[in-house]
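To convert, take the position in the sequence shown, counting from 1, and add 3; that gives the working numbering.
Note that the Cβ used here is the ideal one computed from N, Cα and C, for glycine as well.
First up is the structure itself, then whatever we jot down about it.
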Amino acid sequence: MAINPTYPGVYVQEIPGGSRAIAGVSSSTALFIGQSTQGPLDTPILCTSYEDFARAFGEDRSAGDLAAYVRLFYMNGGSRCYVMRIAHEAKNATVVLQNYAGGNAISLEAKNAGASGNRIRTTVHYAGKKPGSTFHLTLFEWRPTGDGGEEVSKT
Numbered sequence: 004m005a006i007n008p009t010y011p012g013v014y015v016q017e018i019p020g021g022s023r024a025i026a027g028v029s030s031s032t033a034l035f036i037g038q039s040t041q042g043p044l045d046t047p048i049l050c051t052s053y054e055d056f057a058r059a060f061g062e063d064r065s066a067g068d069l070a071a072y073v074r075l076f077y078m079n080g081g082s083r084c085y086v087m088r089i090a091h092e093a094k095n096a097t098v099v100l101q102n103y104a105g106g107n108a109i110s111l112e113a114k115n116a117g118a119s120g121n122r123i124r125t126t127v128h129y130a131g132k133k134p135g136s137t138f139h140l141t142l143f144e145w146r147p148t149g150d151g152g153e154e155v156s157k158t
């Protein structure tokens with residue numbers, strides 16, 4: 004509606020606009036980028052607790068301080084963060100199992116690149132009357148011990 008000025012001065016006319024108010028967003032979501040011994044590479048993973056982080060990336064601090072920083076974040080009231088694992092030229096560990104004739108039978112590849120995949124070992128136990136087609140494949144992980152040795156992981 005047009006304003007009909009009756010005397011000199013400044014007139015204000017409010018017109019409803021088509022724009023909407025800016026919606027608020029959470030500013031308490033952090034991003035941690037660092038090195039760990041396990042977990043997906045170069046992909047941010049949402050963690051809503053330290054337990055989420057530990058399941059995805061482990062608690063081993065030998066590769067860096069990432070686990071310590073994420074733990075401190077949650078201890079100081081943090082509620083959600085993204086974590087991205089990085090590693091220089093890390094590759095997935097692979098092994099090819101051969102049959103009795105020396106030909107390639109099965110190729111195994113670690114799920115995640117880096118040191119954790121290099122610690123995975125496998126054994127083959129043959130069973131039944133046809134050992135070439137009936138077997139049990141067991142996967143396990145060697146974990147370093149405090150005295151410089153290695154042991155089978157209990158997890």
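Let me confirm a value: residue i is counted as buried when at least 16 other C-beta atoms fall within 10 Å, else exposed. Which label applies?
i      : result
Ala90  : buried
Gly152 : exposed
Thr40  : buried
Ala66  : buried
Ala130 : exposed
Gly61  : buried
Gly42  : buried
Gly117 : buried
Gln16  : exposed
Can residue i and residue j be called in contact, C-beta distance under 8 Å?
i      : j      : result
Ser110 : Thr97  : yes
Tyr53  : Val73  : yes
Leu44  : Asn115 : yes
Leu100 : Ala108 : yes
With DSSP run on the structure shown, which of helix, strand or coil describes residue i?
i      : result
Pro11  : coil
Ala104 : coil
Ser110 : strand
Glu17  : coil
Val98  : strand
Gly152 : coil
Exercise for review: Please specify which runs of the alpha helix (DSSP H), each continuous and at least 4 residues long, are wholly inside the segment 116-149, giving them in chain order.
Suggested key: 118-121
Check your understanding: Taking one C-beta from the segment 72-89 and one from the segment 38-53 each time, how about it: are there three or more such pairs within less than 8 Å?
Key -> yes
Check your understanding: Would you call the segment 117-124 and the segment 138-150 in contact, with 3 or more CB pairs under 8 Å?
Key -> yes
Review point. Unbroken alpha helix (DSSP H) runs of length 4 or more, entirely within the segment 32-95: which are they?
Key: 53-60, 69-78
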